Amino acid sequence: MQNAKQVTFLERMVYYTAKVIAQLEGVVGSAEYELHSTYVIAFLNFASEDVTGISGRYDLHYYTVDEASGHRLPTSPEYHFFDLNAFKKSSKGITNETDYWLSLLTGSKEMDGVPDWARGNKAYEAYFEASTRANFTPEEAIQYEKDMMTERDRINSINYARWEGVQEGKAEGRQQTQREIAAAFKAKGIDAETISSCTGLSVEEVNVF
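In our numbering, the protein residues as written are 79 to 287.
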């Protein structure tokens, strides 16, 4: 995130990228020069036109390409600049994932809770939770943690009850199977003691059949 306008912003991006590539790739002394793709993603909180000379754009994408043929240089660093002040789309004009995120970054303060199009998306909902917590007063932060603990306890209790129900269902299913086996054995004239030792049922339970 770059908040203040700087005349040499683009030059700084290229310089920092070169340093990162040299440090992480370890190309010094290597004859292979196997570079991985490098991406720079920057959010600009000032008019990008002042440093790029390009107007009417909120998303700028730079990489190295041959001017005549359009051939792209392999593993060329890519620069993605997003001008937050130039993004003016309403929710109806959003068409892709980038627009969704920019809408959140630029308009979350005016949004009354999570918008409908963001519900169900864990990443969007996590962003809203984090941005909401960042604006809490100390007292609100304490209350929020208490509320979250209560909610987590409630969810854990529900999940345990479901698990317990499943286990009880499995146990009941096993007992029913044993009873069916015992009834079949008894129908064939096998004595109750033998059936009890084979099924785990008591002699009294076997004699019920």
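Heads up, the beta-carbon is just placed ideally off N, CA and C, and yes, glycines get one too. Just so it is clear, the structure is predicted and the values come from calculations on it, not from any experiment.
DSSP lists Gln80, Asp161 as the beta-bridge partner residues of Leu122. When secondary structure is reduced to three states using DSSP, Asp144 falls in the coil class, being assigned neither helix nor strand.
Taking 7 Å as the cut-off, the Cβ atoms of Val284 and Ala260 count as close. With respect to Thr95, Pro155 sits close: the two C-beta atoms are nearer than 7 Å.
In this structure, the beta-carbon distance from Thr272 to Gln256 does not fall below 7 Å.
For a cut-off of 8 Å, the C-beta gap from Met91 to Val118 is around 6 Å, short enough to register as a contact. Taking all protein chains in view, the Cβ of Tyr93 is surrounded by fewer than 16 other Cβ atoms within 10 Å, so the residue is classified as exposed. When DSSP states are grouped into helix, strand and coil, Arg135 belongs to the coil group. Judged by DSSP in its simplified three-state form, Glu188 adopts coil rather than helix or strand. Ala120 is positioned such that its CB atom lies closer than 7 Å to that of Phe159. Under the rule that a run must span 4 or more residues, no alpha helix (DSSP H) segment is found entirely inside the stretch 201–246.
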